[in-house]
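For the sequence shown, position 219 (counting from the first letter as 1) is numbered 220 according to this note's numbering, and the numbering increases by one without interruption.
All C-beta atoms, glycine included, are put in the ideal place defined by N, C-alpha and C.
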Amino acid sequence: MTRVLPVTVVYFDSPLTDDERRARLFSGDIFVFSATPGTKALVEFARGMAEEAFAPHFPPDAQHQMGAQEYVDVLARLKPAFINHPRCKELLRQIFEDLGVDVGQTHFDVPRLRTMTSDYLNAGLTYQFHAHRDTWFSAPFCQLNWWLPVYEVAESNVMAFHPAYFGQPVKNSSAGYDYGEWVANGRQMAAAQVDMDTREQPKALEEINPEPEIRVVMPPGGFMIFSGAQLHSTVPNHSGQTRFSIDFRTVHRADVQGRGGARNVDSACTGTNLGDFLRATDLTQLPADLIESYA
Ligand SMILES: [Fe+2]
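1. Rounded to the nearest angstrom, what separates residue 176 and residue 295 at their Cα positions?
2. Decide if residue 290 is buried, meaning its Cβ has at least 16 other Cβ atoms within 10 Å, or exposed.
3. Following the continuous alpha helix (DSSP H) through residue 20, name the residue where it begins and the one where it ends.
4. Just to confirm, are residue 233 and residue 161 a CB contact at a threshold of 8 angstroms?
5. Please determine if the region 10-22 and the region 42-53 are in contact, where contact requires at least 3 C-beta pairs separated by less than 8 angstroms.
6. When DSSP labels each residue in this structure, what does residue 288 get in the three-state scheme?
7. Over what stretch of residues does the alpha helix (DSSP H) that includes residue 72 continue unbroken?
8. Go ahead and pull the three-state DSSP assignment for residue 11.
9. Measure from the alpha carbon of residue 284 to the alpha carbon of each residue in 104, 43 and 45, then state which is nearest.
10. Helix, strand or coil for residue 34, going by three-state DSSP, please let me know.
11. Please return the same chain residues whose Cβ sits closer than 8 angstroms to the Cβ of residue 101, not counting the five positions on each side in sequence.
12. With distances taken from CA atoms, which of 218, 293, 57 and 15 is nearest residue 155?
13. Any heavy atom of ligand 1 closer than 7 angstroms to the Cβ of residue 133?
14. Which residues bound the beta strand (DSSP E) around residue 298?
15. Would residue 225 pass as an interface residue toward chain C - the criterion being a Cβ-Cβ separation below 8 angstroms?
16. So is residue 244 buried or exposed if we call it buried at 16+ other beta carbons inside 10 Å?
17. Excluding the five sequence neighbours on either side, which residues of its own chain have a C-beta within less than 8 angstroms of the C-beta of residue 38, listed in chain order?
18. Let me make sure I understand the geometry here. Which of 181, 10, 146 and 170 has the alpha-carbon closest to that of residue 227?
19. From this set, 86, 224 and 282, which residue's C-alpha is nearest residue 153's C-alpha?
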């Protein structure tokens with residue numbers, strides 16, 4: 002799709018088909034949906050796990066009631082338990098069906114449970130550090146990102162899009178990033194780091210002008226979809242509560258095969274994350290030679 006003006010459209014509860022939707026997502030538009038049976042069930046499931054892990058504390062407030070190490074320890078157990086839970090994979094399939102997505106063609110990466118504490122354990126992080134495209138991290142240009150809050154969110158603890166950069170390059174360090182290397186070295190280190198994440202990750206090497214900026218505040222169960230090439234950041238959380246959110250990624254097999262997706266304006270990383278994607282129907286990987294062709 003080509004646009005005369007650099008406009009980013011935000012669609013709410015759009016009845017477009019999946020093919021039409023993906024075409025618009027690849028040109029930088031954002032899709033927001035009200036809760037579906039699948040997203041409601043996923044939020045319910047995540048809350049159940051979080052509330053059990055943090056009991057007797059309410060998860061968004063637990064950061065104020067626990068010591069730092071104790072808090073990090075709870076998250077270190079909770080997050081992988083959620084990510085790897087088979088129920089999550091079933092619920093993702095339900096979400097795709099709710100939205101009319103072809104589950105036989107759609108592959109997803111396991112949903113991550115993310116937390117962003119409020120003015121706590123995140124000293125020193127700035128917009129510039131956070132603003133990134135997933136395509137700097139070896140994502141294919143057809144990758145779509147899905148995001149949903151687990152508890153109520155506010156404008157001070159959601160995520161932000163910087164759509165002016167969708168078609169505009171940003172100087173960045175993605176050339177030094179290789180997905181295979183990251184998997185081998187990075188993930189083990191993450192567990193050991195409490196105060197500050199010091200791993201070498203792709204980042205912007207120039208100042209990002211955050212404006213114009215789009216923040217979408219939605220009720221739990223509501224969700225949004227955007228291109229992995231969209232420049233996005235985490236809003237510094239001053240809300241007083243920890244943000245709990247879930248995100249996951251999808252690719253449509255036809256897009257992978259046809260090299261469809263957003264335009265590459267500035268990504269120079271090597272490797273591919275495509276080996277992580279599982280088909281929604283039977284949890285099989287994409288064909289090895291197809292993955293290899295992206296590596
Ligand atoms: Fe991201």
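Inspection of the coordinates gives the following:
1. 15 angstroms
2. exposed
3. 19-26
4. yes
5. no
6. coil
7. 69-84
8. strand
9. 104
10. strand
11. 18 and 19
12. 218
13. yes
14. Residue numbering for the chain in the displayed model covers 2 to 296; residue 298 lies beyond these limits and cannot be assessed.
15. Of the chains in the structure shown, none is chain C; there is only one protein chain.
16. buried
17. 95 and 99
18. 146
19. 224
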